[in-house]
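Engineer: Going left to right, the sequence shown walks through residues -8 to 110 as the working numbering numbers them.
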Amino acid sequence: MQASPAFARLVESVMPHVTLVTIEQYQQQEQWQLIDVREDNEWLQGHLPNAKHVSRGIIERDIEHRFPDKNTPVLLYCGAGQRAALAAYNLQLMGYTQVASMVGGYRAWIQHQFPIVQD
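(1) Would histidine 38 pass as a contact of isoleucine 107 if the rule is Cβ separation under 8 angstroms?
(2) Please look up how many angstroms separate the CB atoms of alanine 42 and isoleucine 54, rounded, as I've assumed it's under 8 angstroms.
(3) Assess, as a yes-or-no matter, whether the stretch 90 to 103 is touched by the stretch 64 to 76 under the definition of 3 or more beta carbon pairs within less than 8 angstroms.
(4) Using three-state DSSP, classify histidine 8 as helix, strand or coil.
(5) By a C-beta neighbour count over all protein chains shown, 10 Å radius and 16 as the cutoff for buried, is leucine 84 buried or exposed?
(6) Determine the DSSP secondary structure at tyrosine 97, reduced to helix, strand or coil.
(7) Does DSSP classify leucine 68 as helix, strand or coil?
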């Protein structure tokens, strides 16, 4: 689905405040807790290995239960990166100190032909 202009502006407004991590950087640094913020139906179609699922709709509500240490390195991804960037920005506002968004998200992972997990 094509993003609305207002959504695109919102994402653009938070991007300067969000750390971006490439797939290659993620693969070189094993420190990250990888979180898929896509919707349940997207997760079930396939996700990155070692990812945890906390969808964009509930991440702010549930993150402290899943990752109570706000210094935990958390790398978020979605379909292409916009939802993950918004979630990363909000987690920073909640006090998480090592939050990033994966550049290109799930689509970039697939384009690289890296393995996925299907439950």
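In this text, a Cβ means the ideal position worked out from N, Cα and C, and glycines have one as well. Note that the structure is predicted; figures quoted are calculated from it, not measured.
Structural biologist: According to the data block:
(1) yes
(2) Not really, about 15 angstroms apart at Cβ, beyond 8 angstroms.
(3) yes
(4) helix
(5) exposed
(6) helix
(7) Checking the sequence shown, residue 68 turns out to be tyrosine, not leucine. Note: tyrosine 68 maps to strand in three-state DSSP.
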